[in-house]
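To get our numbering, take the position in the sequence shown, counting from 1, and add 2. Beta carbons are placed, not taken as given, at the ideal position from N, Cα and C, and that holds for glycine. Below is one structure; the comments refer to it alone.
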Amino acid sequence: MAGPDRPDAPDTAGSDYAERLETLEGARWKRLLDVQAPYRWNLRRLDLGFTLDVGCGIGRNLLHLGGRGVGVDHNAASVETARRRGCTAYTVEEFRASPHAATADFDALLVAHVLEHMPFAEASALLGEYLPRVRPGGRVVLITPQQAGYRSDPTHVEYMDFAALQRLVEDHDLRTERSYSFPFPPFAGRFFAHNEFVVVARKPPSA
3 MAGPDRPDAP
13 DTAGSDYAER
23 LETLEGARWK
33 RLLDVQAPYR
43 WNLRRLDLGF
53 TLDVGCGIGR
63 NLLHLGGRGV
73 GVDHNAASVE
83 TARRRGCTAY
93 TVEEFRASPH
103 AATADFDALL
113 VAHVLEHMPF
123 AEASALLGEY
133 LPRVRPGGRV
143 VLITPQQAGY
153 RSDPTHVEYM
163 DFAALQRLVE
173 DHDLRTERSY
183 SFPFPPFAGR
193 FFAHNEFVVV
203 ARKPPSA
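Take a look at the structure:
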């Protein structure tokens, strides 16, 4: 994928990208310190219910959600890893052919560390494809990296800050309920690669 910030960004659909995710997550020091604990807590406190995790990768957030969700990803190798970890996950084509694609039975849509991998127009189209699977009145959670995190990955294409995320929300007639920086205030995002923009929005009850 290419975008205005990095027109020659590497692709994220290959097995090498899935291997990179496994390597990064599996570092021994990360497991010993349980560095995912704050992010796991952040997701669980939102109490999202049955969640569609778009861009689920190797299943980290599905595990954080305690198995209360379904993942979809364009990287087949990542999907296989997520399944080995006990998650319910599909490739894009598999999801479209699944029963989940024919109903609006999800309580929430989670799109975490995905939108920055594509130009804004593609990000909007991605939301448009999966929003119909969320029940009326359901929630939408968008999470993207801040400055240092964006710079840390060559596959990132377009910087998606609060303003860009709000544009996406408005494009799809969602109502923002909360926007916040996690785990630290936004200034930390200039040097801490794991600071995130988080936007929680809701579909209209009659959508």
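| query | If we cut at 8 Å on Cβ distances, does residue 174 have a partner in chain D? | reply | Reference to chain D is not applicable here, since this structure consists of a single protein chain.
| field | residue 142 versus residue 88 - alpha carbon distance | value | 24 Å
| task | Compare the beta carbon distance of residue 106 and residue 137 with 8 Å and say whether it is the shorter of the two. | result | Note that the C-beta distance between residue 106 and residue 137 is below 8 Å.
| query | With respect to the beta strand (DSSP E) encompassing residue 189, which residues constitute its N-terminal and C-terminal limits? | reply | That residue, residue 189, is in no beta strand (DSSP E); it is neither H nor E in DSSP.
| When burial is assigned at 16 or more other CB atoms within 10 Å of the CB, is residue 37 buried or exposed? | Residue burial is scored here from C-beta neighbours: residue 37 has fewer than 16 other C-beta atoms within 10 angstroms and is therefore classed as exposed.
| query | Cβ atoms of residue 128 and residue 144: under 8 Å apart, would you say? | reply | no
| Helix, strand or coil: how does DSSP classify residue 41 here? | Helix at residue 41.
| Are three or more beta carbon pairs between the segment 152 to 160 and the segment 63 to 71 nearer than 8 Å? | no
| request: May I ask you to report which of helix, strand or coil DSSP gives residue 126? | output: helix
| said: Determine whether the beta carbon atoms of residue 59 and residue 75 lie at a separation below 8 Å. | reply: yes
| Within 8 Å, strictly: CB atoms of residue 61 and residue 91 | yes
| query | For residue 201 versus residue 178, is the C-beta distance shorter than 8 Å? | reply | At a Cβ-Cβ threshold of 8 Å, residue 201 and residue 178 count as neighbours.
| task | Buried or exposed for residue 169, please, with buried defined as at least 16 other CB atoms from any protein chain shown within 10 angstroms of its CB. | result | Counting Cβ neighbours within 10 Å, residue 169 comes out exposed, since fewer than 16 surround it.
| query | Considering only residues of the same chain and omitting the five flanking positions on each side of residue 195, which have a CB-CB separation below 6 Å? | reply | 150, 151 and 154
| Can the beta-carbon of residue 171 be found closer than 8 Å to that of residue 113? | no
| task | Use the C-beta contact count for residue 95: other C-beta atoms within 10 angstroms, 16 or more gives buried, fewer gives exposed. | result | exposed
| With a CB to CB cut of under 6 Å and the five nearest residues on each side skipped, what residues in its chain are close to residue 123? | none
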